[in-house]
Amino acid sequence: MKHRAFSFVALFFSLILAAPLFTAEIDPKLKQGEELLDAWRTAQAEELAANWLRENPKSPVALDLDARTKFYQGRYSEALATIDRALAVDSSDKRRQGWKLLTQFTLDVVKTLKRYESAHFVVFLDEKRDGILASFALETLEKSYEAIGAELGYYPKDKVRVEIAPDAAAFNAISTPLSQRDIEETGAVGICKFNKLMIISPRALSFGYRWADSLSHEYLHYAIVALSNNQAPIWLHEGMARFYETRWRRPSPAKDAAEDYLTPANQTLLVRALEKNQFIGFKKMEPSLIHLETPEQVQLAYAEAASAVDFINRSKGGAGVRELLATIVDRPSPRSSIGRRQRRSRKFSACRSALLKRRGKAFSRAKVSRKSKAATCASLK
């Protein structure tokens, strides 16, 4: 029953997030506050909510913003109490009801977890089942903090919150809007949202997964949100996260950076995409890779996006990505404007496609070479 309830809240919350599209427009102050929160600017959101409540202490919408700010700060009990105050004034708002459910389910999960802390991170996990992960998780995150900071020049001032869910049901509950399908079919094991990093325990999967790299991957998303004011397009988000996710354990990347971000499976997918000319493309990656139809498409999209970041690094060096992030901060309609710049930039598209084709051909030749060697060895037996 609990598993079904968690799945229900994920579906319900995802639906009610879209409610303003079909009903009255969202309050401008609430929208401003949500944009601040989604860019990790919680102190500014907190100040906005406090000023609003001073003007109108019983405003349910002001209480909504105050509750969401507390939620983004990890103060779940206080957030729940504030939402209840808002619901006491107006219980008909669907989004408010959804936030109540999300906050309650998150609190139910997190209150069973133990807190572990380092210089720049706070990790919550199940002590009995996953306690062995704590020290290594913090070590990985601190190494990521230094390595990614050196690459991108970003060092968050406040400690970053990390929640490791003990099982799929718990992960489904705290990681909304990920659905059970996203977790089971596309292999989604982590998400960066609500001003925190969330992953599922590797113990919950039959064969585990590269959970330490996944922590670093989600931390990269956290950094990208802050550096771009939450305006970076998905291809850049996922491309950077995949390209840099191993920096914590490989500070000096291989001569060919593709060795770090392309697995053998990714290489095979690139070869097939090249043969059939069936690449995903940036536009189809929006709004999230988890909405692609198959796990294979998701992995191909990762490979394409990371190859694009590789191309930027090859063309302009490490400063190239930082410059790109800087150009999209505080620009009007940055997601659409960067899309227009990409469409106008035939050189970028052509060169990126050429890089993908070279990668695909190189992997194809390597595959043929391995088959040839195998055949030769077989004939000698």
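Add 49 to the 1-based position in the sequence shown for the working numbering, that's all there is to it.
Using N, Cα and C, we set each Cβ at its ideal position, and we do this for glycine too.
* **D207 classed as buried or exposed, judged by whether at least 16 other C-beta atoms fall within 10 angstroms** => Exposed.
* Asked: Roughly how many angstroms separate the alpha carbons of A314 and S301, rounded to a whole number?
  -> Straight through space, the alpha carbons of S301 and A314 are spaced by roughly 23 Å.
* CB of L374 within 9 Å of CB of Q348, strictly -> Against a cut-off of 9 Å, the Cβ pair of Q348 and L374 comes out as no contact.
* The beta strand (DSSP E) enclosing A15, as first and last residue numbers -> The chain is shown only over 50 to 430; residue 15 falls outside these bounds and no answer can be derived.
* **Sequence-distant residues of the same chain with beta carbon closer than 7 Å to T295, five excluded per side** => Taking T295 as the centre and dropping the five residues before and after it, the same chain places the C-beta of D262, D309 closer than 7 Å to its C-beta, in chain order.
* Which parts of the region 147-190 are runs of the alpha helix (DSSP H), unbroken and 4 residues or longer, counting only runs that do not cross its ends? -> Fully enclosed alpha helix (DSSP H) runs of 4 or longer: 176-179.
* Touch check for the region 154-161 and the region 216-225: three-plus C-beta pairs under 8 Å? -> Yes, since at least three Cβ pairs between the region 154-161 and the region 216-225 fall closer than 8 Å, the two stretches touch.
* Just grab the DSSP bridge partners of I240 for me. => Residue pairing by DSSP places I240 opposite M247 in a beta bridge.
* First through last residue of the alpha helix (DSSP H) which encompasses L114 -> Annotation for L114: the continuous alpha helix (DSSP H) segment containing it runs 109-121.
* With a cut-off of 8 Å on the beta carbons, I'd call H169 and V209 a contact; round off their distance for me. => Their Cβ separation, rounded to whole angstroms, is 7 Å, which keeps H169 and V209 in contact under 8 Å.
* Extent of the continuous alpha helix (DSSP H) to which P77 belongs -> Unbroken alpha helix (DSSP H) run through P77: 77-87.
* Under 9 Å between the Cβ atoms of L190 and S167? -> Taking 9 Å as the cut-off, the beta carbon of L190 is found closer than this to the beta carbon of S167.
* Asked: Can you tell which of P109, F120, E104 has its C-alpha closest to the C-alpha of W89?
  -> Out of P109, F120, E104, F120 has the C-alpha closest to the C-alpha of W89.
* Counting only runs of 4+ residues fully inside the region 255-302, write out the alpha helix (DSSP H) ranges in chain order. => Qualifying alpha helix (DSSP H) stretches, in chain order: 260-277, 283-293.
* In whole angstroms, what is the alpha-carbon distance linking S418 and Q316? -> Interpretation of S418 is limited by its pLDDT of 49, a score under 50 that renders its predicted location unreliable; the figure taken from the coordinates is listed afterwards. Taking the straight line from one Cα to the other gives about 15 Å.
* **Euclidean distance between Cα positions of D142 and T152** => Each residue's alpha carbon lies about 16 Å from the other.
* Of the residues I249, A99, A128, which one's Cα is nearest the Cα of Y186? -> Position check: residue 186 holds Ala in this sequence, whereas Tyr was assumed. It is I249 whose Cα lies nearest to the Cα of A186.
* Asked: Where do the ends of the alpha helix (DSSP H) carrying E335 lie?
  -> From DSSP, E335 is part of no alpha helix (DSSP H); its letter is neither H nor E.
* Asked: Quick one: what's got a C-beta closer than 7 Å to M289's C-beta in the same chain, skipping five residues either side?
  -> Cβ within range, chain order: L269, I273, V358, V370.
* Asked: Anyone know if the C-beta pair for L112 and R134 falls short of 9 Å?
  -> Yes, the Cβ-Cβ distance between L112 and R134 is below 9 Å.
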